[in-house]
Structure formats: C-alpha cells, structure tokens
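Right, one structure below, let's go through it.
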Amino acid sequence: MGQILQKLQGNEWKERHIRKITDKIFDHFKNETGKANMTFEELHIAVLLVYNDINKLLPGTHFDPPSKEQIKILMQESDINLDGELDREEFVKFLLRITHDTFVTVSRGLITTLAVTPTIALMTKKTTENFPGVGKAVQKLPNSVYASIVTLVIVMFQQGVGKA
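If you read the sequence shown in full-length UniProt numbering, its first letter stands for residue 1, the second for the next number, and so on.
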C-alpha cells in the first residue's frame with residue numbers, strides 16, 4: 001500500500017529511485033578509483049552499464065547507448081565547474097539527460113499496452129466461442145479476469161520479445 005501511495009506522489013518517487021541508482025553507480029567508480037569525480041572513460045563505462053541494465057530490466061525493444069562522441073558532448077554540457085570530470089550532482093543530471101527519451105518510450109509503450117489490450121480483449125472475447133474446449137471456459141470467465149489474463153500475457157510477450 002505504501003508503494004502505491006508513493007507512486008501517486010509522482011516525480012518525488014521517481015527522482016528518489018533514480019538517485020539511488022546514480023549514487024550506486026557513482027559510488028562503485030569512486031570506490032574503485034578513490035577519486036571523487038568521474039573521468040570520461042569511467043563515464044563511458046557507466047553509461048554502458050546503465051544501458052545494459054535498462055535493456056535487461058525494462059520491457060520493449062533494445063535501446064542503444066549514446067556514442068562516445070555524444071557522451072563527450074553531453075559530458076561537456078553537464079560539467080558545470082569545467083574541470084573535465086563529473087562530480088556526483090553533475091553525474092545525476094548527465095544520466096537524467098541521456099536516459100530521458102528511453103524512459104519516455106518505455107512509459108508510452110506500457111501505457112498503450114495497459115490501456116488498449118483490455119479493451120481489445122473484451123471486444124474479441126465473443127470470438128473465442130468457436131474454439132473447442134477453450135471457448136466455453138473463456139465465456140465463463142468474468143470480463144475483468146479475462147482482460148487481466150490477456151493483458152498479462154501481452155506484457156510477458158513484449159518483455160520476452162524485447163530480450164530475445
């Protein structure tokens with residue numbers, strides 16, 4: 001119940017979770033090198049790690065990380081104190097910039113799936129009557145249960161196809 005209430009809080013919940021992820025990555029590199037800032041090479045590796053996790057965990061198609069040139073340009077734009085490295089706050093802003101489009105794409109896909117699939121499932125429920133054995137069982141299911149099952153199958157299919 002607490003998670004549902006947190007999700008309703010909107011950006012605060014999202015920012016808190018993004019901050020956990022960025023702090024974890026930043027601390028990983030800080031502990032390995034002992035430095036307080038990230039160099040371009042470390043930043044490039046961090047971006048690859050982030051996109052690897054995005055592709056493993058988020059549903060949908062594969063997302064390509066930005067090129068080295070794009071990372072270099074975004075790093076220069078995010079480097080507020082112009083020292084050639086990113087501190088923790090600069091790193092957070094950098095990651096938010098490079099992953100924004102990815103999260104928008106995933107969110108739109110999920111919203112479309114979760115909104116459209118139940119409607120289509122209910123519209124096509126009647127056509128299952130012609131399938132021997134399955135048709136009668138489907139017709140006995142309440143509409144809400146049937147729509148939920150079809151939606152779950154579609155979401156699982158999308159996650160499976162995106163990871164194959």
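In this text, a Cβ means the ideal position worked out from N, Cα and C, and glycines have one as well.
Own chain residues within Cβ distance below 6 Å of residue i, not counting five before or after
i: E42; result: F29
Candidates the options: closest to residue i by CA position
i: K20; options: N52, D64, I45 and L95; result: L95
i: R97; options: F26, M123, T128 and V47; result: V47
i: E89; options: T119, F26 and Q139; result: F26
i: S144; options: N130, T119, T22 and E129; result: T119
i: residue 191; options: S78, Q76 and F91; result: Look at the range of the chain in this structure, 1 to 164, and you will see that residue 191 is not part of it.
Start and end residues, alpha helix (DSSP H) containing residue i
i: K126; result: Note, K126: premise wrong, no alpha helix (DSSP H); not H, not E.
i: L74; result: K68 to S78
i: V137; result: Residue 137 is actually Ala in this sequence, not Val. It spans V134 to K140 - the alpha helix (DSSP H) in which A137 sits, taken as one unbroken run.
Contacting residues, own chain, Cβ-Cβ under 7 Å from residue i (five flanking each side not counted)
i: T39; result: E85
Inter-residue CB distance, residue i and residue j (contact presumed, cutoff 8 Å)
i: I149; j: T117; result: So it is not a contact: roughly 10 Å between Cβ atoms.
i: A115; j: A147; result: Going by Cβ atoms, the distance from A115 to A147 rounds to 11 Å, so no, they are not a contact pair.
Close beta carbons around residue i, own chain, < 8 Å, minus the five adjacent residues each side
i: D83; result: N37
i: T99; result: V50 and I54
Chain B contact for residue i (CB, 7 Å cutoff)
i: E129; result: Absent from the structure: chain B. Only one protein chain is present.
Burial state of residue i (16 or more Cβ within 10 Å)
i: I73; result: exposed
i: T151; result: buried
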